[in-house]
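Residue numbers (our numbering): 1 to 152. So the structure is just underneath, and the comments pick up after that.
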């Protein structure tokens with residue numbers, strides 16, 4: 001009498017390619033949604049728990065660095081938030097070193113409860129915060145640059 005060893009049914013299901021199609025499609029769809037869903041400034045780059053006290057910023061332009069600071073007033077804080085909230089932010093992969101891609105602003109925001117928030121923004125609309133890279137409209141850099149120049 002011959003005995004036949006039956007393979008385990010669960011193992012066959014896992015090894016069949018058609019059962020892998022759905023999880024792969026869900027993964028791809030989730031990644032597409034994650035990188036293409038717009039986020040606001042508050043969701044992505046500027047989660048503040050207190051009022052802004054001071055902004056220190058470096059203006060990088062063709063290898064020349066200018067250091068400046070601004071003591072914030074209530075109206076200044078609202079203007080800054082309006083500028084940052086005027087565009088949507090999209091998560092991007094790649095190098096977070098955006099300082100070498102032309103002009104850039106390196107901004108350090110100090111709140112009244114002594115927390116520091118560091119944000120890099122370049123002229124191409126890339127924004128980096130906490131080693132996360134976002135793509136915004138390139139006009140964000142211009143608007144911030146002009147506002148910082150007026151406020152200083």
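Cβ atoms here follow ideal geometry from the backbone N, Cα and C, with glycine treated the same way. Quantities reported herein were computed from a predicted structural model and do not represent experimental measurements.
Legend entry - Unbroken stretches of the beta strand (DSSP E), 3 residues or longer, contained in the segment 42-114: 52-61, 64-71, 90-92, 104-111
Inset, instruction - Please classify residue 159: is it buried, with 16 or more other beta-carbons within 10 angstroms of its beta-carbon, or exposed? - result: Residue 159 is absent from the structure shown; the chain starts at 1 and stops at 152.
Inset, instruction - Would you check if the segment 77-95 and the segment 128-138 touch, i.e. whether three or more CB-CB distances between them fall below 8 Å? - result: yes
Legend entry - Rounded Cβ spacing between residue 117 and residue 98 (contact assumed at less than 8 Å): Locating residue 117 in the chain shown gives position 117, counting from the first residue. Locating residue 98 in the chain shown gives position 98, counting from the first residue. Between residue 98 and residue 117 the Cβ distance is about 17 Å, and since that is not below 8 Å, they are no contact.
Inset, instruction - Have a look at residue 120 and residue 30 and give me their C-alpha separation to the nearest angstrom. - result: In the chain shown, residue 120 corresponds to position 120, counting from 1. In the chain shown, residue 30 corresponds to position 30, counting from 1. Distance between the alpha carbons of residue 120 and residue 30: 27 Å.
Inset, instruction - Could you tell me whether the segment 63-76 touches the segment 33-49, where touching means 3 or more Cβ pairs closer than 8 Å? - result: no
Inset, instruction - Can you say whether residue 140 is buried or exposed, counting buried as having 16 or more other CB atoms within 10 angstroms of its CB? - result: Here residue 140 refers to the residue found at position 140 when the chain shown is read from its first residue. So residue 140 ends up on the buried side.
Inset, instruction - Below 8 Å CB to CB, which residues in the same chain sit around residue 147 once its five sequence neighbours on both sides are set aside? - result: Counted from its first residue, the chain shown places residue 147 at position 147. Around residue 147: 79, 80, 83.
Inset, instruction - Within the same chain, show all residues whose beta-carbon is closer than 6 Å to that of residue 103, passing over the 5 residues directly before and after it, in chain order. - result: Within the chain shown, the letter at position 103 stands for residue 103. So the list reads 61, 123, once near-sequence residues are dropped.
Legend entry - Residue burial classification, residue 64 (beta-carbon count within 10 angstroms, cutoff 16): Along the chain shown, one-based indexing puts residue 64 at 64. Residue 64 is exposed by the Cβ-count criterion.
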